[in-house]
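Asks: Counting from 1, one number per residue, gives the positions in the sequence shown under my numbering.
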Amino acid sequence: MRVILFDGVCNLCNGYVNWMIDHDKKEQFKFASLQSEYGRQKVAELELQGDYMNTIVYYDNGKGYTHSSAVLRILKQLGGLYSLMSIFLLVPPFMRNFFYNLVARNRYKWFGKRETCRIPTPALKARFLE
């Protein structure tokens, strides 16, 4: 199973999830907020260290990815022209994550924050693990 764990109160993160839902025609990804019980359990299972709330987490069949590695692997799995972005996996993570972390640190200031986590519509409920 492929699961994208995201910050449920972050407007940028919610926008990314909306974009993924629109572009994931094969419906190969499931979603959960990092704040949910499922999200907390998956983070514990993956033994993520540090402030995992400042990153997207991509869980793909037993393996976890964070930061830019998660985003690039998701795009690769999405296929089509998006998979071309995976070429950036050749760039050392410390370089990729410099820019990722810059956005992550400022995401609330630049994009805003919600008071509560996203609640999926009944039509999308099956794609969310809460």
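All C-beta atoms, glycine included, are put in the ideal place defined by N, C-alpha and C.
On a predicted model such as this, the values are computed, not experimentally measured, just so you know.
(1) Tell me the DSSP bridge mates of Lys30?
(2) What three-state label does DSSP hand Cys117 in the structure shown?
(3) Contact defined as beta carbons within less than 8 angstroms: I believe Ile56 pairs with Ile4. What is the distance between those atoms, to the nearest angstrom?
(4) Helix, strand or coil for Gly39? Go by DSSP, reduced to three states.
(5) Across the region 81–99 and the region 107–120, are there enough close Cβ pairs to call them in contact, namely three or more that are closer than 8 angstroms?
(6) Based on DSSP bridge pairs, tell me the residues matched to Asp60.
(7) Who pairs with Phe128 in a beta bridge, going by DSSP?
(8) Count the other CB atoms, across all protein chains shown, that sit within 10 Å of the CB of Phe99; report buried if there are 16 or more and exposed otherwise.
(9) Can you tell me whether Ser33 is buried or exposed, with buried defined as 16 or more other CB within 10 angstroms of its CB?
(10) If Asn11 sits next to Lys113, beta carbons under 8 angstroms apart, how far is it from one beta carbon to the other, in whole angstroms?
(11) Where do the N-terminal and C-terminal ends of the alpha helix (DSSP H) with Cys13 fall, by residue?
(12) List the endpoints of the continuous alpha helix (DSSP H) containing Leu48.
Replies: Checking against the coordinates, here is how it stands:
(1) Within the sequence shown, numbered from 1, the residue matching residue 30 stands at position 30. Beta-bridge pairing links Lys30 to Val3.
(2) Within the sequence shown, residue 117 is the residue found at index 117, counting from 1. Reduced to three states, the DSSP call for Cys117 is coil.
(3) The count along the sequence shown starts at 1 and reaches residue 56 at position 56. The count along the sequence shown starts at 1 and reaches residue 4 at position 4. Distance from Ile56 to Ile4 at the Cβ level is roughly 7 angstroms; contact confirmed, criterion being Cβ atoms closer than 8 angstroms.
(4) Numbered from 1 along the sequence shown, position 39 holds the residue referred to as residue 39. Helix, per DSSP.
(5) no
(6) Here residue 60 is taken as the residue at index 60 of the sequence shown, counted from 1. Answer is Arg2, Lys63.
(7) Your numbering for residue 128 matches position 128 in the sequence shown. In DSSP, Phe128 forms a bridge with Phe31.
(8) Reading the sequence shown from its first residue, position 99 is the one you call residue 99. So Phe99 ends up on the exposed side.
(9) Within the sequence shown, residue 33 is the residue found at index 33, counting from 1. Burial call: buried.
(10) By 1-based counting over the sequence shown, the position of residue 11 is 11. By 1-based counting over the sequence shown, the position of residue 113 is 113. Rounded, the Cβ-Cβ distance is 7 angstroms, consistent with contact.
(11) As a position in the sequence shown, residue 13 is number 13, starting the count at 1. Residues 11–23.
(12) Counting from 1 along the sequence shown, the entry for residue 48 is found at position 48. Premise fails: Leu48 is in no alpha helix (DSSP H) and is neither H nor E.
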